[in-house]
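Peer 1:
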Amino acid sequence: MSKNQLPDPNRDFPAWYIEVVKRAGMAEHSLAKGTMVAKPYGYGMWERVQRALDDRFKLTGHENLYFPLFFPESLLSKEAEHVEGFSPELAIITHGGGVELEEPLVVRPTSEALIWSTYANWIQSYRDLPLLYNQWGNVVRWELRTRLFLRTSEFLWQEGHTAHATAEEAHREALQMLEVYKEVAEEVLAIPVIAGRKSESEKFAGAATTFTIEGLMRDGRALQCGTSHFLGQNFAKAYDVTFLGSDGERRHVWGTSWGASWRLIGGVVMTHGDERGLRIPPKIAPVQVVIIPIYRSDEERSAVLEVAHKIRDSLTGQGLRVRVDDRDHHRPGFKFSEWELKGVPVRIEIGPKDVAAHQVVLVRRAGGAKEQVATSAAVDGMAGELERAQQDLYDDALEYRNAHTHTASTYDELRDGITATGGLWVGPWCGRGTCEERVTADTKATIRTLPLTPEDPGAPCAVCGQKGAETATWARAY
RNA sequence: CGGGGCGUAGCGCAGCUUGGUUAGCGCGCCUGCUUUGGGAGCAGGAGGCCGGCGGUUCGAAUCCGCCCGCCCCGACCA
């Protein structure tokens with residue numbers, strides 16, 4: 000059989016993940032602990048995700064800007080909960096230019112502190128509102144345990160920061176951007192996600208309410224794929240951001256912030272990958288169609304390549320991303336395996352027999368046998384083929400999630416269920432931290448989502464039995 | 001920070017216990033020939049401050065000390 004088998008994802012998912020990411024050429028570890036080199040194949044996916052998000056940010060009225068990587072340490076300390084949340088993960092610069100700095104600089108773990116302290120100067124009147132800005136950049140969080148794409152000391156992301164005159168408007172903004180994340184996750188990354196609200200213990204340090212989208216990975220663990228925060232007036236008060244209303248009253252502004260990172264790429268790997276490697280959704284695939292020429296002699300080679308290049312050109316003309324793998328030092332079988340590992344949605348094989356018959360062999364990564372198709376039909380039908388591949392990945396992932404979503408009404412069901420099967424467990428929760436902590440202590444699962452808007456009191460709490468619970472979704476998470 | 005492990009060619013490793021002439025193996029890489037429809041074969045070749053510093057010794061990858069780095073488990077993860 001084939002060589003260089005990947006670890007079995009069903010037996011050792013973490014080993015499978017790291018091998019796929021490395022061998023597909025997405026990323027590798029770099030020199031400093033916990034840092035990562037994003038290689039072209041992985042960065043190419045990130046570029047597609049960036050574009051999908053950025054287009055939607057613009058359509059919803061936002062503009063990009065850029066704040067610096069460093070700011071004075073003292074700035075952070077103005078919002079008590081915020082500084083407490085971040086202080087363990089800060090990278091702090093104490094020296095520059097060969098001398099000790101008068102005041103240390105922090106490398107941003109997120110930019111709320113700097114941005115709100117700056118917004119204070121930009122906002123005077125209700126006429127300056129709303130402020131709808133976003134920035135693309137990197138942040139640093141000194142993580143103890145890191146994983147490629149999922150948790151690295153430095154990572155790439157975007158962070159949106161908006162300021163509004165009313166709580167209602169800010170709240171709407173936070174939910175609107177959550178919806179943008181959900182749309183990108185589902186329609187672009189083909190990852191079905193649950194949109195919800197975080198519990199008090201899981202929310203962002205400094206936020207009034209944190210919203211999240213959560214996906215379910217193939218090993219039964221949940222992954223937070225994006226968060227959007229309604230900040231209330233917390234940062235406005237900490238950094239004294241006020242405006243004069245049309246009524247002449249001075250008020251603090253209401254804020255939001257929202258972020259998504261290249262962790263999404265890790266989510267794609269863990270949602271769609273299989274024992275052969277990656278399966279990349281066509282919308283973010285750096286290569287959507289790979290053409291493998293097959294030949295023996297030089298004459299065959301030039302005849303086959305001529306057709307291969309023609310097909311490539313007409314597909315490229317449709318706006319598709321196509322690669323002809325004309326490397327002469329690898330045989331076809333090697334290329335088949337390699338492009339499957341790299342998750343290219345559609346492969347076209349062309350040999351001398353196909354050239355003679357004006358056909359190609361078409362192979363879908365998502366499964367199914369090889370199919371002989373007339374060349375013209377393959378070219379004309381490719382866009383539709385990729386749309387189906389995109390949909391198939393989503394449908395597969397949704398089916399998996401549905402099959403791994405369970406309900407529990409008693410504590411035994413919840414605890415034993417999480418421990419035995421993983422996946423998502425839905426059960427009523429009274430809202431008290433003690434009940435939440437008990438589940439986490441017993442199962443290592445956390446509340447991933449609560450309903451977007453608080454529910455009317457319902458069934459008794461699965462943990463303590465007290466009435467007035469709302470529906471919580473539990474899972475072990477990354 | 002606590003517990004455990006590891007630093008030898010691009011990658012993965014052996015050698016170290018019991019010091020000894022030129023430090024090996026697999027993969028990868030380079031050249032040539034034969035191959036090419038599911039991970040090619042043969043032949044030749046290149047590539048090493050053996051993590052660093054110091055010590056013991058006629059002689060150190062190997063023994064001793066110190067240092068540095070990385071990995072795994074735990075604590076942590078807004």
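Position one of the first sequence corresponds to residue 0 (numbering that gives the first Met the number 0), numbered consecutively onward. Beta carbons are placed, not taken as given, at the ideal position from N, Cα and C, and that holds for glycine. In this text the structure is predicted, and so the values were computed from the model without any measurement.
(1) Do residue 277 and residue 341 have their beta-carbon atoms positioned less than 8 Å apart in this structure?
(2) From what residue to what residue does the alpha helix (DSSP H) around residue 442 run?
(3) Quickly, what does DSSP pair residue 521 with across the bridge? List them, please.
(4) Within a Cβ cutoff of 6 Å, which residues of the same chain sit near residue 294, ignoring the five residues on either side of it in sequence?
(5) According to the neighbour-count rule (16 or more other Cβ atoms, all chains shown, within 10 Å of its Cβ), is residue 260 buried or exposed?
(6) Where residue 237 and residue 366 are concerned, what is the direct C-alpha to C-alpha distance, given to the nearest angstrom?
(7) Less than 8 Å between the C-beta atoms of residue 280 and residue 187, yes or no?
(8) Enumerate in chain order the residues of its own chain whose CB-to-CB distance from residue 1 is below 8 Å, with the five nearest sequence positions on each side excluded.
(9) Decide yes or no for the touch test of the stretch 105-124 against the stretch 66-75: beta carbon pairs closer than 8 Å, at least 3 of them.
(10) So, for residue 441: in the same chain, excluding its five sequence neighbours on each side, which residues have a beta-carbon less than 6 Å away from its beta-carbon?
(11) Going along the chain, which unbroken runs of the beta strand (DSSP E) with 3 or more residues stay wholly within the stretch 102-159?
(12) Determine the contact status of residue 195 and residue 472, defining contact as a CB-CB distance below 8 Å.
(13) Output the distance between the C-alpha atoms of residue 137 and residue 339, rounded to the nearest integer angstrom.
(14) Where does residue 377 land, buried or exposed, given buried means 16+ other C-beta within 10 angstroms?
(15) Taking the alpha carbon of residue 90 as the point to measure from, which residue in 80, 116 and 109 has its own alpha carbon closest?
(16) Rank 351, 255, 126 and 312 by C-alpha distance to the C-alpha of residue 296 and give the top, closest one.
(17) Could you check if residue 256 is buried or exposed, using at least 16 other CB atoms within 10 Å of its CB as the buried criterion?
(18) Rounded to the nearest angstrom, how far is the Cβ of residue 112 from that of residue 81, given a contact under 8 Å?
(19) Which residue wins for smallest C-alpha separation from residue 363, given the options 95, 289 and 24?
(20) In terms of residues, what are the limits of the beta strand (DSSP E) holding residue 223?
(21) Could you pull the start and end residues of the alpha helix (DSSP H) that residue 400 belongs to?
(22) Shortest alpha-carbon distance to residue 240 belongs to which of 331, 181 and 130?
(23) Would you mind stating whether residue 446 and residue 428 have Cβ atoms separated by less than 8 Å?
(24) Which residue's Cα is closest to the Cα of residue 162: 115, 144 and 190?
(25) DSSP on residue 76, reduced to helix/strand/coil?
(26) What are the boundary residues of the alpha helix (DSSP H) that residue 479 is part of?
(27) For a test of the three-state rule: what should DSSP assign to residue 247, helix, strand or coil?
(28) Decide if residue 432 is buried, meaning its Cβ has at least 16 other Cβ atoms within 10 Å, or exposed.
(29) DSSP has residue 359 in a bridge; who is on the other side?
(30) Assuming residue 210 and residue 166 are in contact, meaning their beta carbons sit under 8 Å apart, how far apart are those beta carbons, in whole angstroms?
(31) Which first and last residues belong to the beta strand (DSSP E) in which residue 70 is found?
(32) At a cut-off of 7 Å, is residue 21 close to the ligand SAM when judged by its beta-carbon and the heavy atoms of the ligand?
(33) By a C-beta neighbour count over all protein chains shown, 10 Å radius and 16 as the cutoff for buried, is residue 13 buried or exposed?
(34) Short check: CB of residue 99 to CB of residue 93, under 8 Å?
(35) Measuring straight from C-alpha to C-alpha, what distance separates residue 526 and residue 181?
Peer 2: Well, looking at it:
(1) To locate residue 341, count along the first sequence from 1; it is residue 342. To locate residue 277, count along the first sequence from 1; it is residue 278. Yes, they are a contact pair.
(2) Within the first sequence, numbered from 1, the residue matching residue 442 stands at position 443. Its alpha helix (DSSP H) spans residues 432-442.
(3) The structure shown has nothing for residue 521, since the chain only spans 0 to 477.
(4) Mapped onto the first sequence, residue 294 falls at position 295. Hits under 6 Å: 300 and 303.
(5) Stepping through the first sequence from its first residue, residue 260 is reached at position 261. Residue 260 is buried by the Cβ-count criterion.
(6) What you label residue 237 is simply residue 238 of the first sequence in a count that begins at 1. What you label residue 366 is simply residue 367 of the first sequence in a count that begins at 1. Approximately 55 Å between the Cα atoms of the pair.
(7) Reading the first sequence from its first residue, position 281 is the one you call residue 280. Reading the first sequence from its first residue, position 188 is the one you call residue 187. In this structure, residue 187 lies closer than 8 Å to residue 280 by Cβ.
(8) Locating residue 1 in the first sequence gives position 2, counting from the first residue. For residue 1, the predicted structure reports a pLDDT of 42, less than 50, and the residue's modelled location is therefore unreliable. A value from the coordinates is still provided. Here residue 1 has 336 as same chain residues with Cβ atoms under 8 Å from its own Cβ, once five neighbours each way along the sequence are excluded.
(9) yes
(10) Locating residue 441 in the first sequence gives position 442, where the first residue counts as 1. If we look at residue 441 and ignore the five residues flanking it on each side, its Cβ neighbours are 414.
(11) 130-139
(12) In the first sequence, the residue the question calls residue 195 occupies position 196. In the first sequence, the residue the question calls residue 472 occupies position 473. Cβ atoms of residue 195 and residue 472: closer than 8 Å.
(13) Taking the first residue of the first sequence as position 1, residue 137 is located at position 138. Taking the first residue of the first sequence as position 1, residue 339 is located at position 340. Distance between the alpha carbons of residue 137 and residue 339 is about 31 Å.
(14) Indexing the first sequence from 1 puts residue 377 at position 378. With 16 or more Cβ atoms within 10 Å of its Cβ, residue 377 is classed as buried.
(15) Mapped onto the first sequence, residue 90 falls at position 91. Nearest C-alpha to residue 90 among 80, 116 and 109: 109.
(16) To locate residue 296, count along the first sequence from 1; it is residue 297. Considering only 351, 255, 126 and 312, the residue with the shortest C-alpha distance to residue 296 is 351.
(17) For this step, residue 256 is matched to residue 257 along the first sequence. It is buried - the Cβ of residue 256 has at least 16 other Cβ atoms within 10 Å.
(18) Here residue 112 is taken as the residue at index 113 of the first sequence, counted from 1. Here residue 81 is taken as the residue at index 82 of the first sequence, counted from 1. Indeed they touch by this definition, with Cβ atoms about 7 Å apart.
(19) As a position in the first sequence, residue 363 is number 364, starting the count at 1. Among 95, 289 and 24, the Cα nearest to that of residue 363 is on 289.
(20) The residue labelled residue 223 in the question sits at position 224 within the first sequence. First-last of the beta strand (DSSP E) with residue 223: 221-231.
(21) What you label residue 400 is simply residue 401 of the first sequence in a count that begins at 1. Unbroken alpha helix (DSSP H) run through residue 400: 374-402.
(22) Stepping through the first sequence from its first residue, residue 240 is reached at position 241. When only C-alpha atoms are compared, the closest one is 130.
(23) If you number the first sequence from 1, residue 446 lands on position 447. If you number the first sequence from 1, residue 428 lands on position 429. Yes, the Cβ-Cβ distance between residue 446 and residue 428 is below 8 Å.
(24) Stepping through the first sequence from its first residue, residue 162 is reached at position 163. The option with the nearest alpha carbon to residue 162 is 115.
(25) Position 77 of the first sequence holds residue 76. Residue 76: coil per DSSP, three-state reduction.
(26) This structure leaves residue 479 out entirely; the chain is present only between 0 and 477.
(27) One-based indexing of the first sequence puts residue 247 at position 248. It is coil, neither helix nor strand.
(28) Indexing the first sequence from 1 puts residue 432 at position 433. Result: exposed.
(29) To locate residue 359, count along the first sequence from 1; it is residue 360. Bridge partners of residue 359: 372.
(30) Taking the first sequence and counting its residues from 1, one reaches residue 210 at position 211. Taking the first sequence and counting its residues from 1, one reaches residue 166 at position 167. Actually they are not in contact, since the Cβ atoms of residue 210 and residue 166 sit about 15 Å apart, beyond 8 Å.
(31) For the purposes of this step, residue 70 is taken as residue 71 along the first sequence, with counting starting at 1. Unbroken beta strand (DSSP E) run through residue 70: 69-71.
(32) Ligands displayed in this structure: none; no statement on the ligand SAM is therefore possible.
(33) Translated into positions along the first sequence, residue 13 becomes position 14. Burial call: exposed.
(34) In the first sequence, the residue the question calls residue 99 occupies position 100. In the first sequence, the residue the question calls residue 93 occupies position 94. Closer than 8 Å, so yes.
(35) Lying before the first or after the last residue shown, residue 526 is absent from the chain, which here runs from 0 to 477.
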